[in-house]
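Q:
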Amino acid sequence: MPEPILGEPLVTVSGVSKIFCRDLKRSLWYGLRDSIGDILPPLARKPAPDGTVTLRRDEFWANQDLNFEVRRGECVGLIGHNGAGKTTVLKMLNGLIKPDSGKIEMRGKIGALIALGAGFNPILSGRENIYVNGAVLGFSKREIDNKFDAITEFAEIGKFISAPVQTYSSGMQVRLGFAIAAAMQPDVLLIDEVLAVGDQQFRMKCITRIAELIREGVAVIFVSHSMIDIQRICTRVIVMGGGKIHLDGDPTKGIASYQSLALQRHAQTSEQAAPTKSGVTLISTKLDDTPYASDKPDHELETGDDLTISLTLAVHEPIPQARVRLYLESTTGEILTALTSYNPQAESDLAIGQHTINFHIRSLPLLVGAYGIGLSVHGGAYGIFLPQTRIAALIITGPEVKDSGRTVSGIFKLEAECEVNGQRIESPTTPCA
Amino acid sequence: MDSPPEKIPVRTYSPAPAMADPLNLLREMFADLRISRGLAWQITLRDFKALYRQSYAGYLWAFLPPLFASATFIILQSGNVVNFAKTDIPYVAFVLIGTILWQVFADSLSNPMRVMQSSKPMLTKINFPREALILSALQMSLINFAIRLVILIPIALWFRFPIGGGTLLFPVGILALILLGTTIGLFLATIGMLYQDVARGLMLVTNLWMFLTPVVFPVTGNGLAGRLMQINPVTPLLETSRDWFTGKQPDMLGQFLLITALTLVGLAIAWIVYRIFLPRVIERLGM
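One line per chain: the protein sequences are U and C, in this order. At position 144 of the first sequence the residue is numbered 148 (the numbering used here), and the sequence of numbers has no breaks. At position 60 of the second sequence the residue is numbered 61 (the numbering used here), and the sequence of numbers has no breaks.
Following this line, the structure appears as structure tokens:
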């Protein structure tokens, strides 16, 4: 299968680390010290002979030993939980802050959307702000004149262009900011999670514009929590965790790895906040006879596998008409489907004591990715004996769905075929077994 | 993709101290200064418009403070509440010119800090040539002076000051005042980004500083105040400018030239310090 041809590297990051400080007063003091060190090199902070830097009090690694490269025409999705160090990376790439060790090389004109409307003055009109923000991004007045109509049209600001920006909705500010940055024809485009504010329709418009830029040979680094957006435009994904690169590779694998990291964190936090006064406690969960433990949560399966989920519950008070519900969830918690133990025709009260409930799922239709399993227990008319809680995680590792170098994915498998000019071919969304 | 790409600018970011390669630093500084002119003007326009937009009196606010300050001292002096040494031009002219010249200095002292505050969200999120803020501070000081000419010109006509060589040199005096203010202001603004104490302290000090400068009364040779007045770097600049404006032979010309030369050296140092400090400051300011 022909892989897309990529250009020369525009972004080269080698061995880059960044240190931050937790305490503000101390942080300011270190800042002053380091600045003086920059001016008088003999006073600068010296790394040990082996190149390692020792942390001062209250300091921590915001980024540690990052190595990667982004080429022309590549769109790299940078994903990771809050505080994983994504924005710090973007700020270093943009030259806003200096790395504490390592080296970054950036080629060409850099466009950055780290915060939309950062240069907006609320009292001035949209028109005036376009000129200020355009100048900030390196445009001359004449260049902005030429692009003015395209910017206002893309931003869909209309007659509000003469109104002060403080009267704009946050969505309008985002639209205006993106429109200005998108007009600047950079070689490298850095995008932080700024699109999240816009509405769905505008986000699609931005994604389409970014895809155009990628085709024109721009190297894009895209930070987002929307796996949908990441999947739409990224050719590669870098997963960050705790300031380090956890994985660098194919988007589908990257997203699955990020999601399983997210599930681990979720499991850890929900364990700490265990419900104390509920009528039901979950004693054990088995996936295909393997006891499930939250510290080793990845139960790996492939699309089409069978799965048995076996639950042992301790019931502390009798539950009339008990309904044990099992949910299949996306990583963000949306319910994909639910199963129930309840049958209106059968006796279903649960007495005090231990009960084992098995769910057998035949031929899982889930595609590559990570998923959660949730549980809730209800009884009587409206009684909630156990509110919906995530109890386990699944990872579907294969088979991959490929379409000429690009991984095409989704949530579930459809049995389908496709005809091109009357000739029947296998549908690309149907995994080849 | 085997043909080498046409010349495309490369930027390298590493922890190496900028002063380790001073030549490269100077090259980058002047390159950034060149490309930041357009941006500086946009920032100046932005701040200038924003300054007067949400107000009815608008540009009047540019004249009112020096006029009121002068009025205060004219009233005090005429009522013999205070008794300053005799001035060689009419006291009203002395105070009005002094206050306006002082305002030129005080403005340029506070402008670097003001423009950095108003651009703080931009500074921490957008990488633009930082020199634009220095240029913008200078432009703002010049614009404010230009507005105040509206008071100065009628004063010159009313008191019939002679027009001659001094009139031509007067702008040099103004420029020296603005550069001195900007130099000190730039040093303070750089540290002021980290510590708010600087901004608060500056307000207190500026008020006291005015009375240690021959603004509303002439230099008095004796006592602590007189000695402080003589070592005050603003004194020769302000005195010389006022002498040029009123057609007098300046008697502090030597000090004027010395201070101006030192100012230019100081400005270069302040610029380097500003440029080197900023990335460090920005990382400490976080979001």
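Here a beta-carbon is modelled for each residue, glycine too, at the ideal position from N, C-alpha and C.
(1) Closer than 8 Å, Cβ to any Cβ of chain C: which residues of the segment 344-360 of chain U, in chain order?
(2) For the ligand PLP, is there a heavy atom less than 7 Å away from the beta-carbon of alanine 119 of chain U?
(3) State the DSSP-derived secondary structure class of isoleucine 400 of chain U, mapped to helix, strand or coil.
(4) Closest Cβ-Cβ distance between leucine 143 of chain C and chain U: below 8 Å?
(5) By the three-class DSSP mapping on this structure, what secondary structure does serine 18 of chain U have?
(6) Would you tell me roughly how many angstroms separate the C-alpha atoms of alanine 278 of chain U and glycine 112 of chain U, rounded to the nearest one?
(7) Could you give the first and the last residue of the continuous alpha helix (DSSP H) run that contains threonine 97 of chain U?
(8) Does the Cβ-Cβ distance between serine 289 of chain C and threonine 45 of chain C come in under 8 Å?
(9) Less than 8 Å between the C-beta atoms of asparagine 128 of chain C and alanine 116 of chain U, yes or no?
(10) Assuming glutamine 177 of chain U and phenylalanine 124 of chain U form a contact by the criterion Cβ under 8 Å, report the distance between their Cβ atoms to the nearest whole angstrom.
(11) From arginine 47 of chain C to leucine 128 of chain U, what distance separates their C-alpha atoms?
(12) Applying a beta-carbon distance threshold of less than 7 Å, which residues of chain U neighbour phenylalanine 278 of chain C?
(13) Could you give the DSSP three-state label for methionine 141 of chain C: helix, strand or coil?
(14) I want to see whether chain U comes within less than 8 Å of serine 56 of chain C, judged by CB atoms only; does it?
(15) Let me check understanding here. Comparing Cα to Cα, which of U:Ala397, U:Pro13, U:Leu47 and U:Thr171 lies closest to tyrosine 262 of chain U?
(16) Tell whether a beta-carbon distance below 8 Å holds between isoleucine 179 of chain C and leucine 143 of chain C.
(17) Going by other Cβ atoms of all chains shown within 10 Å of its Cβ, with 16 needed for buried, is leucine 44 of chain U buried or exposed?
(18) Of all the options U:His359, U:Asn67 and U:Gly11, which has the alpha carbon lying nearest to the alpha carbon of valine 17 of chain U?
(19) Run through chain U and tell me which residues come within less than 7 Å of methionine 253 of chain C, C-beta to C-beta.
(20) Could you check where the beta strand (DSSP E) with phenylalanine 14 of chain C kicks off and where it finishes?
(21) Would you kindly report the start and end of the unbroken alpha helix (DSSP H) that includes aspartate 33 of chain C?
(22) Which chain U residues are close to proline 18 of chain C, counting only those with a beta carbon under 7 Å from its beta carbon?
(23) If you follow the alpha helix (DSSP H) that cysteine 210 of chain U is part of, which residue opens it and which one closes it?
(24) Sorted by chain position, which residues of the same chain lie with C-beta nearer than 6 Å to glycine 247 of chain U's C-beta, five sequence neighbours on each side aside?
(25) Examine chain U for any beta-carbon lying closer than 8 Å to the beta-carbon of lysine 92 of chain C, and answer yes or no.
(26) Report the partner residues of threonine 335 of chain U according to the DSSP bridge assignment.
(27) At a CB-CB cut-off below 7 Å, which residues of chain C make contact with isoleucine 127 of chain U?
(28) Hey, would you say leucine 343 of chain U sits closer than 8 Å to glutamate 333 of chain U, going by beta carbons?
(29) Using 8 Å for Cβ pairs, my map puts valine 372 of chain U next to alanine 223 of chain U. What's the rounded Cβ distance?
(30) Looking only at C-alpha atoms, which of U:Phe389, U:Ala215 and U:Leu311 sits nearest to glutamine 325 of chain U?
(31) If contact means a Cβ-Cβ distance below 7 Å, which residues of the segment 9-37 of chain U contact chain C?
(32) Taking Cβ positions only, does leucine 195 of chain C come closer than 8 Å to chain U?
(33) Along the alpha helix (DSSP H) that carries phenylalanine 158 of chain U, what are the first and last residues, could you check?
(34) Touch check for the segment 111-121 of chain C and the segment 186-204 of chain C: three-plus C-beta pairs under 8 Å?
(35) With 8 Å set as the bound, which would you pick, yes or no: does the beta-carbon of lysine 209 of chain U sit closer than that to a beta-carbon of chain C?
(36) By a C-beta neighbour count over all protein chains shown, 10 Å radius and 16 as the cutoff for buried, is leucine 209 of chain C buried or exposed?
A: In this structure, then:
(1) none
(2) With respect to the ligand PLP, the structure shown offers nothing to examine, as it has no ligands at all.
(3) strand
(4) no
(5) Strand.
(6) Caution applies to alanine 278 of chain U, whose pLDDT of 49 falls short of 50 and renders its modelled position unreliable; the value that the coordinates give is listed next. Answer to the nearest angstrom: the Cα atoms are 52 Å apart.
(7) Checking the sequence, you will find leucine at residue 97 of chain U rather than threonine. Element bounds for leucine 97 of chain U: 90-97.
(8) The requested residue 289 of chain C does not occur in the structure, where chain C is confined to residues 2 to 288.
(9) yes
(10) 7 Å
(11) 7 Å
(12) Ser39
(13) Collapsing the DSSP output to three states places methionine 141 of chain C in a helix.
(14) no
(15) U:Ala397
(16) yes
(17) exposed
(18) When each option's Cα is compared against that of valine 17 of chain U, the closest is U:Asn67.
(19) Those within 7 Å of methionine 253 of chain C in chain U number zero; the least Cβ separation is about 33 Å.
(20) First, the amino acid is wrong: residue 14 of chain C is tyrosine here, not phenylalanine. Looking at the DSSP string, the run of the beta strand (DSSP E) that includes tyrosine 14 of chain C is 11-14.
(21) Looking at the DSSP string, the run of the alpha helix (DSSP H) that includes aspartate 33 of chain C is 23-36.
(22) Gly41, Asp42, Pro45 and Ala48
(23) 204-219
(24) Trp65, Ala66, Asn67, Gln68 and Gly89
(25) Contrary to the premise, residue 92 of chain C reads as tyrosine rather than lysine in this sequence. So, not an interface residue.
(26) Per DSSP, threonine 335 of chain U has no beta-bridge partner at all.
(27) Within chain C, the residues near isoleucine 127 of chain U are Ala51, Arg54 and Gln55.
(28) Remark: C-beta atoms of leucine 343 of chain U and glutamate 333 of chain U do not approach each other more closely than 8 Å.
(29) Their Cβ separation, rounded to whole angstroms, is 26 Å, which puts valine 372 of chain U and alanine 223 of chain U out of contact at 8 Å.
(30) Ranking U:Phe389, U:Ala215 and U:Leu311 by Cα distance to glutamine 325 of chain U puts U:Phe389 first.
(31) Ile9, Gly11, Glu12, Ser31, Leu32, Gly35 and Leu36
(32) yes
(33) 145-159
(34) Counting C-beta pairs with one atom in each stretch, the segment 111-121 of chain C and the segment 186-204 of chain C have three or more that are closer than 8 Å, which means they touch.
(35) no
(36) exposed
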